[in-house]
Structure formats: structure tokens, C-alpha cells
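Residue numbers 1 to 337, in full-length UniProt numbering, belong to the letters of the sequence shown in order.
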Amino acid sequence: MVASVVVGVEAVPGSISCVAVDIDRNVLGRHTSVTQQPWDLLTAAQADVAAIELHAALNALIALIAQPPVNLWPSVAAVCIGTTAADLGEESESNIRSAVRRLLPASAQVLVYNSAAIALVSGTGGPLLGCVLVAGVDSSRAYGAVADRRTAAASGWGPVFSDGGCAYDVGLRALSAVSRAQDGRGADTLLVNAVYRHLGAHRAEDLIRWARSHTSIHQRVSGVASLARLVLDCASRGDSVADALLRHAVGELLRAIKAVVVKLGLDRSRQPFNLVLAGPMLSDGTLFMQYLLEVLKDGVPTADVVYPLGDGAEAAAWLALWLMNPQRPSPPLRRGL
Numbered sequence: 001m002v003a004s005v006v007v008g009v010e011a012v013p014g015s016i017s018c019v020a021v022d023i024d025r026n027v028l029g030r031h032t033s034v035t036q037q038p039w040d041l042l043t044a045a046q047a048d049v050a051a052i053e054l055h056a057a058l059n060a061l062i063a064l065i066a067q068p069p070v071n072l073w074p075s076v077a078a079v080c081i082g083t084t085a086a087d088l089g090e091e092s093e094s095n096i097r098s099a100v101r102r103l104l105p106a107s108a109q110v111l112v113y114n115s116a117a118i119a120l121v122s123g124t125g126g127p128l129l130g131c132v133l134v135a136g137v138d139s140s141r142a143y144g145a146v147a148d149r150r151t152a153a154a155s156g157w158g159p160v161f162s163d164g165g166c167a168y169d170v171g172l173r174a175l176s177a178v179s180r181a182q183d184g185r186g187a188d189t190l191l192v193n194a195v196y197r198h199l200g201a202h203r204a205e206d207l208i209r210w211a212r213s214h215t216s217i218h219q220r221v222s223g224v225a226s227l228a229r230l231v232l233d234c235a236s237r238g239d240s241v242a243d244a245l246l247r248h249a250v251g252e253l254l255r256a257i258k259a260v261v262v263k264l265g266l267d268r269s270r271q272p273f274n275l276v277l278a279g280p281m282l283s284d285g286t287l288f289m290q291y292l293l294e295v296l297k298d299g300v301p302t303a304d305v306v307y308p309l310g311d312g313a314e315a316a317a318w319l320a321l322w323l324m325n326p327q328r329p330s331p332p333l334r335r336g337l
């Protein structure tokens, strides 16, 4: 029988990932299940349905680690849920917390945090302290938290608002550059051939038809975001238009993190703080990452860049452990890739 268990959960559109750890951070088991819930702005009724799916995933995890079969729930000290449902409002966060609370034993503490907070902890290993810059597929977000429990965020509004620095925004600007180049309104660019080849297009009409063929926001975002890697490739080959798009994107990310730094007063303290870089756009060794590190060095000089140590479910578990005992040792940070 395990003495004490903490469960971390990452609930996002499409999947619920759970991990159980002991108080020494040892992983006891993992479970991932498919979810039909959007894990977006949840009403109370939607949260009830989502909580049932989450409860099923938690029970599957508990059954996996309870060998021989026993009721392990009395040993679960906390369930920490990191979810996109908490990204855009306290109401959704409260709804999912209340819905899950009703399904779990009273002995298990229920914690709910937004995805940016979990991304921050994925780099710090537990402490919800410092800042994070997330550059994802459909959005980008800067987030920070300080010792007095104040938090701040910037960007992260989603694809409709075209968050600067995310793959969707870069891809959308690439399409604009292609149309401008073909019309003679803009400079020639390698992006024209790259985009045509990627989409299997032969004429401008094919691009227009492709753009109008999307039947949902998700499909449109996915298709446009896939063009971001073409921008990176063309910039790496010396294309000035693609290079300008990358520099614009890192400039947007810099503005977002500087907004958070100012809100939290980290610019005035002159004390170094951890800045976690996370998300699929921030891959090691790319030109995009090189440009970002350059502007961060000059624009946020007190930021110590660190990188994720684990996935979202693990990070949620680490956060719960830190909240239970802030003096608990954290693992060494990844300060370079």
C-alpha cells in the first residue's frame, strides 16, 4: 500500500493524461484516455459531463497502480488538474473544480490551474514562481507568478485574435506574403513555391479554393499553422521575407513577456527570475529560437531561461507537491539545450 499519492492531470481537447507520483516524485503509473469534451470555456452543465470523463480516467489510473487490487483513494492526498478550460476565465475553473470535487473522496484535495501555470511549473519542477512563454499551434501566451501569489498574463486570446508568435499567426502572415508577392504588392519570396508545393496547388485559384474549403475553425487553424515550418525553412535558406516574419513573431513574444514582467514588477526588482520557454514553436536549435534568445537577452535581461523538465501531467503533480510543502527540494533546472 502506497503511503501517499499525488495525481497530476492534463485535460486538453482530445485527451486526458494522468500521472500518479509519490511524495519523492517517483512515477507510480500513467494513463491517457480520449475525451470528446472541448476543455474550453465550460458551463456548469458541461463541466459536470467533463468531470465524469475525468473521473473515469482517474479511476483507470488508480486501478493500474493499485496492485494487488485495493481501494487506493484514501491514499490520494491531492489531484491537481491543469486544463485549457481554466485559461480564459475563473468561471470555467470554478465549474470544473466543483464538478470534480463532487465525484472524489473528501480526503483528496482538488486543485485546478490553467495551462500556462502548468507550463511554468514544467520548467521550475514544482514552484509556481517566475514566468513562462508558451508558443503553441493556435495561440501564444506569457504568464507569470510571484511569491505574494500575484499572477499576470498577456496574449493567449486564441486564433481568432491571431496571437503573435504562434504557428497559426506565422502561417497566416506567410499566406499574406504569398498573395502580395504574386500580385506585385510585395517582395518576391521563396514562400510562394514552398506554399504551393506544400498544399499541392498550381494556381492562385487553388490557394483560394483551399482557404475557403475549411469547414471549421479547428480545420482552418491546423491547415494555416502547418505553414509555419515553411517560413522557418525559407528563412534558414536566406529568404528576407520569411526572415522578417520570424523576427516579427519573436518581437510579439517579447512584447507579451515584457507586459507580464511589468505587471508583476519584475523589471523594477532587478532580481533574476526563471523564464520557461515552452510549446512546439520553441524547439531547440531553430533559427526562431535563436532570434528569440537574442531579443530576450536585451529586452528582459534579468530573465534566466530554462526549459521544460516533464509533460503537463507530471508538472501538475509537481505543483501539488510544492503546494503541500514549498520547502520540498526541486530537481535541477534545465538551463540550456
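Idealized CB from N, CA, C, for every residue including glycine.
In this text the structure is predicted, and so the values were computed from the model without any measurement.
Under the three-state DSSP convention, the category residue i falls into
i: Asp-243; result: helix
i: Arg-97; result: helix
i: Thr-32; result: strand
i: Ser-208; result: This sequence places Ile at residue 208; Ser is not what is there. Here Ile-208 sits in helix by DSSP.
i: Ile-23; result: coil
i: Met-1; result: At Met-1 the pLDDT is 47, less than 50, meaning the model places this residue with poor confidence; the figure from the coordinates comes in the next sentence. Residue state, collapsed to three classes: coil.
i: Val-160; result: helix
i: Gly-123; result: helix
i: Leu-54; result: helix
i: Ser-71; result: In the sequence under discussion, the amino acid at residue 71 is Asn, which differs from the Ser named in the question. Coil, per DSSP.
i: Asn-59; result: helix
i: Asn-325; result: coil
i: Gln-182; result: helix
i: Leu-253; result: helix
i: residue 389; result: Only positions 1 to 337 of the chain appear in the structure, and residue 389 is not among them; the question remains open.
i: Asp-48; result: helix
i: Arg-229; result: helix
i: Ala-317; result: helix
i: Asp-267; result: helix
i: Asp-87; result: coil
i: residue 338; result: The requested residue 338 is not part of the displayed model; the chain covers only 1 to 337.
i: Asp-298; result: helix
i: Ala-108; result: coil
i: Ala-66; result: coil
i: Ala-187; result: coil
i: Ala-303; result: strand
i: Ala-77; result: strand
i: Arg-173; result: helix
i: Leu-199; result: helix
i: Ser-92; result: helix
i: Gly-223; result: helix
i: residue 339; result: One cannot answer for residue 339 here, as it falls past the ends of the chain, which runs 1 to 337.
Closest Cα partner of residue i within the set the options
i: Ala-117; options: Gly-285, Asp-22, Leu-309 and Thr-83; result: Thr-83
i: Leu-319; options: Val-110, Val-231 and Gln-46; result: Val-110
i: Leu-104; options: Ala-77, Val-132, Tyr-113 and Pro-127; result: Ala-77
i: Ala-153; options: Ala-259, Ala-50 and Ala-201; result: Ala-259
i: Tyr-307; options: Trp-39, Ser-179, Cys-131 and Ala-44; result: Cys-131
i: Ser-15; options: Asp-24, Ile-23, Val-9 and Ser-33; result: Ser-33
i: Asp-243; options: His-202, Ser-216 and Leu-287; result: Leu-287
i: Ala-225; options: Ala-142, Leu-323 and Gly-165; result: Gly-165
i: Ala-263; options: Tyr-143, Arg-101 and Ser-222; result: Reading off the sequence shown, one finds Lys at residue 263, where the question assumed Ala. Among Tyr-143, Arg-101 and Ser-222, the Cα nearest to that of Lys-263 is on Tyr-143.
i: Trp-157; options: Leu-191, Gln-219 and Asp-138; result: Asp-138
i: Thr-35; options: Asp-24, Arg-25, Ala-51 and Arg-220; result: Ala-51
i: Ala-44; options: His-198, Tyr-113, Pro-68 and Glu-91; result: Glu-91
i: Leu-266; options: Ala-135, Leu-64 and Val-146; result: Val-146
i: Leu-58; options: Asp-40, Gly-89 and Ala-108; result: Ala-108
Integer-rounded CB distance, given that residue j should sit under 8 Å from residue i
i: Val-27; j: Val-6; result: At roughly 11 Å, the Cβ-Cβ gap does not stay under 8 Å, so Val-27 and Val-6 are not in contact.
i: Ala-177; j: Gly-186; result: 6 Å
i: Leu-42; j: Ala-85; result: 5 Å
i: Val-305; j: Arg-328; result: The pair is not a contact, with the Cβ atoms about 24 Å apart (cut-off 8 Å).
i: Ala-316; j: Glu-10; result: 6 Å
i: Leu-227; j: His-198; result: 7 Å
i: Pro-159; j: Val-221; result: 5 Å
i: Ala-278; j: Ser-17; result: Actually they are not in contact, since the Cβ atoms of Ala-278 and Ser-17 sit about 16 Å apart, beyond 8 Å.
i: Cys-234; j: Leu-275; result: Cys-234 to Leu-275, Cβ: 28 Å. No contact.
i: Tyr-291; j: Leu-245; result: Not a contact, Cβ separation roughly 11 Å.
Cross-strand partners of residue i (DSSP beta bridge)
i: Gly-82; result: Glu-10 and Tyr-113
i: Cys-166; result: According to DSSP, which records beta bridges pairwise, Cys-166 is partnered with nothing at all.
i: Cys-131; result: Gly-144 and Leu-275
i: Cys-18; result: Val-9 and His-31
i: Ala-153; result: Tyr-143
If you pair each beta-carbon of the region 237–245 with each one of the region 94–103, do three or more pairs fall below 8 Å? no
Sufficient close CB pairs (3 or more, under 8 Å) joining the region 254–266 to the region 166–176: Contact fails: fewer than three Cβ-Cβ distances are below 8 Å.
Counting Cβ pairs closer than 8 Å, one from the region 208–217 and one from the region 120–130, do we hit at least three? no
Contact between the region 284–295 and the region 260–271 is defined here as three or more beta-carbon pairs at a separation below 8 Å; is this criterion met? Short answer: they don't touch.
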